[in-house]
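A short write-up of the structure that comes next.
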Amino acid sequence: MRQDHLISASHLSREDIEAVLDRAADIDADPAAFRQRHAGKVLGLCFFEPSTRTRMSFDSAMKRLGGQTVDMGPVESSSVKKGETLADTVRVVEGYADALVLRHPSEGAATMAAEFVDVPLVNAGDGAGQHPSQTLLDLYTIRENAGLDDLTIGIMGDLKYGRTVHSLAEALTNFDASQHFISPESLRLPRNVRYDLHASGAQVREHTELDEVLPELDVLYVTRIQRERFPDENEYRKVAGQYQIDSETLEAAADDLTIMHPLPRVDEISPDIDDTDHATYFEQAHNGIPVRMALLDILLSQDDD
Amino acid sequence: MTDDHQLRVSKIQNGTVIDHVAAGQALNVLAILGIDGTSGEAVSVGMNVPSDRLGRKDIVKVEGRELSQSEVDVLSLIAPAASINIVRDYDVVEKNRVVRPDAVASIISCPNRNCISNADEPIQSRFTVLSDGVRCDYCETIVREDEVAANLDVN
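Protein sequences, first through last, are from chains R and W.
Counted from 1, the first sequence has number 216 at position 231 by the numbering used here; the numbering is strictly sequential.
Counted from 1, the second sequence has number 60 at position 57 by the numbering used here; the numbering is strictly sequential.
Set out below in structure tokens:
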């Protein structure tokens, strides 16, 4: 990787991405070979926002590499509650760990934190900004199921605030991917992501209806539309209902359509899809382990040079 | 050129004249340059003055202070057509256009209230300059050229 940190998918080149995915494939093929790789090293987990799967999968990934983790614990019982700045927190915690994983509710938090620490730092979500380690596991899943080139992907749901969407869309500009964005008008991609997609010359189209594009898709990436994005319950229900899929919706889809979701889902993917060959979201979640192992392996090995 | 008897803003002996400022932006120019009169320099401001080039323009004259190119380049974000005249003994000895800088710090506050640069952290706001606006180095929010003046953080 070009840098010691993983902050934004927009910083990743195709080579960076392929290096992580190839390493993840090696780990998948022979996990035992990596079991003691980072024995004696410690990963610091700083989650200023609740997280289940991201926190657990980083924890598990580090332990499967032979390392250990230290966890800041919930914000409510930490020094943050006493008014400590993020800049101070990460400067203290870097003394306890060989690398840090940070999740924070403010956009740009990881960029700022990286300015204050010397150990590798992974952005595990900054507000509605970026979530690049999720993107790496998304790309790994896409590569395994549909291939990353000559790809037609639909990304649907909350494109405005969805950090997994922002990271994925920017990373896909490194590949021969045609991207279709499906959302209500009020939740279209933010200006900065559009700017980057445009600047990269990516093939991009926007839709308000899934039907317009569903038959063409190799992959459909669904995200949750959150209630708090709407002024009232009625408006939310009306809009969210248009972006839910079930087995009936999929009659118009290609037989080999891959359906992904960063999880947790609420009701945007009906459980009747779970047992079909389309459903790839649980496999996607499991891929968090080899991909985060690969990412940590690369970041922590740089440290040895 | 305006005749002397038509001059609305008097000539200065030594200092800097910032001419061809977009109409209505003179006070923002002063704010960006940190000129508020407290350090004693004489400052003249003309607003909505007729101009061949701009129709109407603003003009700012600062007596006794020569502004450097790097000090004035930030003005390109709100007054891209501005020209900078350095005056010595009533003569213009140097005339420059503003040049867009690559980045600006502590001039603009990020309009994204949830950006870490608006939190109580020991950092300054910092923006990369694009062809038609600026982009927050922290949260990546893009502020278009026509929105920059409304997001100045200089008071």
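Every residue, glycine too, gets a C-beta built ideally from N, C-alpha and C.
This structure is a prediction, so every number in the text was calculated from the model and none was measured.
Same chain, Cβ closer than 7 angstroms to residue i, five either side skipped, listed in chain order
i: residue 74 of chain W; result: 36
i: residue 142 of chain R; result: 168, 207, 208, 209, 210, 228, 253
i: residue 270 of chain R; result: 38, 248
i: residue 279 of chain R; result: 5, 8, 9, 12
i: residue 40 of chain R; result: 30, 32
i: residue 101 of chain R; result: 72, 75, 76
i: residue 231 of chain R; result: 255, 257, 258
Expected contact under 8 angstroms - CB spacing of residue i and residue j to nearest Å
i: residue -6 of chain R; j: residue 96 of chain R; result: At roughly 13 angstroms, the Cβ-Cβ gap does not stay under 8 angstroms, so residue -6 of chain R and residue 96 of chain R are not in contact.
i: residue 124 of chain R; j: residue 6 of chain R; result: 6 angstroms
i: residue 111 of chain W; j: residue 155 of chain W; result: 6 angstroms
i: residue 15 of chain W; j: residue 90 of chain W; result: 6 angstroms
Residues near residue i in its chain [Cβ-Cβ closer than 8 angstroms; skip 5 each side]
i: residue 162 of chain R; result: 133, 134, 136, 137, 138, 187, 188
i: residue 33 of chain W; result: 39, 46, 48, 63
i: residue 274 of chain R; result: 42, 45, 46, 49
i: residue 160 of chain R; result: -1, 133, 134, 136
i: residue 103 of chain W; result: 76, 79, 80, 83, 132
i: residue -13 of chain R; result: Here the model assigns residue -13 of chain R a pLDDT of 44, short of 50, so the residue's position is not dependable and the matter cannot be decided.
i: residue 118 of chain W; result: 139, 141, 142, 144
i: residue 106 of chain W; result: 129, 130, 131, 132, 140
Simplified DSSP assignment, three categories, for residue i
i: residue 123 of chain R; result: helix
i: residue 256 of chain R; result: helix
i: residue 5 of chain W; result: Note that residue 5 of chain W scores a pLDDT of 48, beneath 50, so its modelled location is shaky; the value from the coordinates is reported in the next line. It is coil, neither helix nor strand.
i: residue 66 of chain R; result: helix
i: residue 215 of chain R; result: coil
i: residue 226 of chain R; result: helix
i: residue 81 of chain R; result: helix
i: residue 266 of chain R; result: helix
i: residue 50 of chain W; result: strand
i: residue 287 of chain R; result: helix
i: residue 10 of chain R; result: helix
i: residue 141 of chain W; result: coil
i: residue 119 of chain W; result: helix
i: residue 16 of chain W; result: coil
i: residue 172 of chain R; result: helix
i: residue 248 of chain R; result: coil
i: residue 132 of chain W; result: strand
i: residue 89 of chain R; result: strand
i: residue 167 of chain R; result: strand
i: residue 191 of chain R; result: strand
i: residue 314 of chain R; result: Absent from the structure is residue 314 of chain R, since the part of chain R shown begins at -14 and ends at 290.
i: residue 56 of chain R; result: strand
i: residue -8 of chain R; result: coil
i: residue 239 of chain R; result: coil
Contact set between residue i and chain R, taken where Cβ atoms lie within less than 7 angstroms
i: residue 145 of chain W; result: 176, 177, 180
i: residue 122 of chain W; result: 91
i: residue 138 of chain W; result: 177
i: residue 115 of chain W; result: 92
Beta-carbon neighbours of residue i, restricted to chain R and to distances below 9 angstroms
i: residue 119 of chain W; result: 71, 89, 91, 92, 93, 94, 95, 96, 97, 98, 111, 112
Residue-level contact to chain C via CB, residue i, 7 angstroms cutoff
i: residue 111 of chain W; result: No chain C appears in this structure, whose protein chains are R and W.
Same chain, Cβ closer than 6 angstroms to residue i, neighbours up to 5 away in sequence not counted
i: residue 88 of chain W; result: 20, 95, 98
i: residue 4 of chain W; result: Low confidence applies here, because residue 4 of chain W scores a pLDDT of 49, under 50, leaving its location unreliable; read the following figure in that light. Cβ neighbours of residue 4 of chain W beyond the five flanking positions: none.
i: residue 129 of chain W; result: 108, 140
i: residue 137 of chain W; result: 130, 146
i: residue 112 of chain R; result: 90, 91, 92
i: residue 190 of chain R; result: 165
i: residue 25 of chain W; result: 82
Proximal residues of chain R, C-beta to C-beta of residue i below 8 angstroms
i: residue 125 of chain W; result: 70, 72
i: residue 93 of chain W; result: Here the premise fails: no neighbours, minimum Cβ distance about 47 angstroms.
3-residue-minimum beta strand (DSSP E) runs that sit fully inside the region 99 to 123 of chain R, ordered along the chain = 106 to 111
task = Report the residue ranges of all beta strand (DSSP E) runs contained in full by the region 44 to 117 of chain W; include only those spanning at least 3 residues, in chain order.
result = 46 to 54, 58 to 66, 86 to 91, 94 to 100, 106 to 108
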